[in-house]
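Chains as they are written, first to last, in the numbering used here: chain A, 1 to 119; chain B, 120 to 238.
Notes follow once the structure below has been shown.
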DNA sequence: TCTATATTTCAAGGAATATTGAAATATGAA
DNA sequence: TTCATATTTCAATATTCCTTGAAATATAGA
């Protein structure tokens, strides 16, 4: 994932309504949710939802398919995976000092120790 | 990590200058970088850098310590870890359908298959 | 074809963010 | 204390983003 793509994705997820859309879609799974139901579920106007859906789509975080009169939105798992990988590998863990376990008390030479020592 | 905290973090990382600051600090490691050197390295004005540093700090992504006349900035590893965990657990992988390996060709019932089938 | 439904697009205004340069604060040295 | 350095704060402007409501587009059924 290129940095510019990551910027788009972060921007997409940095807005309350859009984050709620994503979580809604994640819960729904691969079968997806039609735009109308989303707007209902989140209590926002169709036009406003549409604006945010376009943003999420542009960022590669969701996908759309038409089904009769409805447009069904789903999460784009590859897109989310790419963003997580960017955070882990390209952006932030060049140091390998990041693992996902909670900061263990007996952890060896973790930078978190230094931070606490400085507080 | 609360959703509101995640929103702050995404917003913090969704801006070009700030993402560059973070990557710079990650490269520097726990010893950190003084604000002046950061401004030089990124070719932005001290005042503008300061604005963005405050934003990153507010989001819990960096930490600061004073050392004589300089203020040394470091990445806050716990903060970044928290964000990655939010993406993996709280936000997006409730489905467990996300793992970090690239979409394998023989992967079982991955939603990516459905997406390609619909393209 | 005409009508109803589902959604998007567009334009306008309002709100939040980013950039700039000047002034303020904190530290250390002469 | 006075001066120089390192950084932040502030106010003004510029830019980008969000919301709203009205009009446009696409689909399906009578």
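The beta carbon of each residue, even a glycine, is placed where N, CA and C say it ideally should be.
Identification of chain A residues near residue 129 (chain B) by a Cβ-Cβ cut-off of 7 Å yields 10, 13 and 14, ordered along the chain. Under the Cβ distance rule, residue 44 (chain A) does not count among the residues neighbouring chain B, no pair being separated by less than 9 Å. Interface flag for residue 159 (chain B) against chain A is unset, since no Cβ pair is found closer than 9 Å. When only Cα atoms are considered, residue 30 (chain A) and residue 164 (chain B) end up about 47 Å apart.
Under the DSSP assignment, residue 65 (chain A) falls in the beta strand (DSSP E) whose first and last residues are 62 to 67. In the same chain as residue 79 (chain A), and ignoring 5 residues on each side of it, the C-beta atoms closer than 6 Å to its own belong to 60 and 61, in chain order. For the segment 138 to 157 of chain B, residues whose beta-carbon sits nearer than 8 Å to a beta-carbon of chain A comprise 138, 141, 142, 145, 146, 148 and 149. Under the DSSP assignment, residue 203 (chain B) falls in the alpha helix (DSSP H) whose first and last residues are 196 to 204. Under the three-state reduction of DSSP output, residue 70 (chain A) falls in the strand class. With respect to residue 13 (chain A), residue 22 (chain A) sits close: the two C-beta atoms are nearer than 9 Å. Taking the C-beta atoms as reference points, residue 11 (chain A) is found nearer than 9 Å to residue 55 (chain A). About 12 Å separates the CB atoms of residue 160 (chain B) and residue 192 (chain B); that is not less than 8 Å, and the two are not in contact.
Going by DSSP, residue 42 (chain A) is part of the alpha helix (DSSP H) stretching over 35 to 42. With fewer than 16 other beta carbons inside 10 angstroms of its own, residue 48 (chain A) counts as exposed.
DSSP places residue 57 (chain A) inside the alpha helix (DSSP H), whose first and last residues are 46 to 58.
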